[in-house]
Every structure is written in structure tokens, then in C-alpha cells.
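Residue numbers (my numbering): 114 to 247. Working notes, beginning with the structure itself.
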């Protein structure tokens, strides 16, 4: 079959599965992974339940408030780069949690703000936009 008459490959399902897997990792690890290790983390860092709750509240706020930034980035640089930047921010936050968090304030800043902004840039809005553009 000549090159010009060969049908183009449809990438829609590849995009959908990739976005689903990215969303699964980006949301699953911070939310459900953190809840699994809360007992050990709170014991090691002397964090009470209120501080961990504040961290989860701040992560939700940062996730939501980063929506306009995510929309701006989606319009300017596209879904692929926005998700990549969000994932890199989440990874930097996870690395910071492992290496630098040693008190309640740093925990709230890193877990709440850094990972929350990463979630905003790498999950809901980019995933929904990617599926819509498909």
C-alpha cells in the first residue's frame, strides 16, 4: 500500500488512557498514599491530626485556586506541557516531603501549597481539556 493511501493512526484512545493513568498517579499518591502513611509521618514529625487536616485543606484550596493558572498554561503551551509541569511540581513536592519536611509549617507549605499547585496543573483541568480536544 502506498504511503499516501495508508489511513492515519487514531490516537484518541492512547491520549485517554495516558491521561487516565497520569491522573491516577497524580491524585492517588498524594491523597490516598498520604492517608496510608499519616500515622508514621505524624509520629516521626510530631504532627497532630489538626495539622495534617490543615495540610489536606490547603492542598484542596491550592488545587482549586491554581485553576486559572492551569487554564492560562493550557491556552499558551498546551495539555502535554501543562501536565508535565504539574507532574514535575508534584515530584518536587514529594522529594521535598522526603528530604526537607521536619516540622508542621514546612509540612503545610510543601504538602498543601506545592503539591496542591502541582495537582491543579497536572490533573483535573488538563485531563478534561485533553479529552475535550480529542
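Quick reminder that beta carbons are idealized off the backbone N, C-alpha and C, glycines included. In this text, all values refer to a predicted model and were calculated from it rather than measured experimentally.
Judged by DSSP secondary structure, residue 127 falls within the alpha helix (DSSP H) whose first and last residues are 125-140.
Counting of Cβ neighbours within 10 angstroms places residue 137 among the exposed residues, the total staying below 16. Straight across, the Cα-Cα distance linking residue 244 with residue 188 is about 15 Å. When only Cα atoms are considered, residue 130 and residue 143 end up about 20 Å apart. Burial check for residue 176: the Cβ neighbour count within 10 Å reaches 16 or more, so the residue is buried. Taken in chain order, the unbroken stretches of alpha helix (DSSP H) that lie wholly in the segment 156-192 and span 4 residues or more are 162-178 and 180-190.
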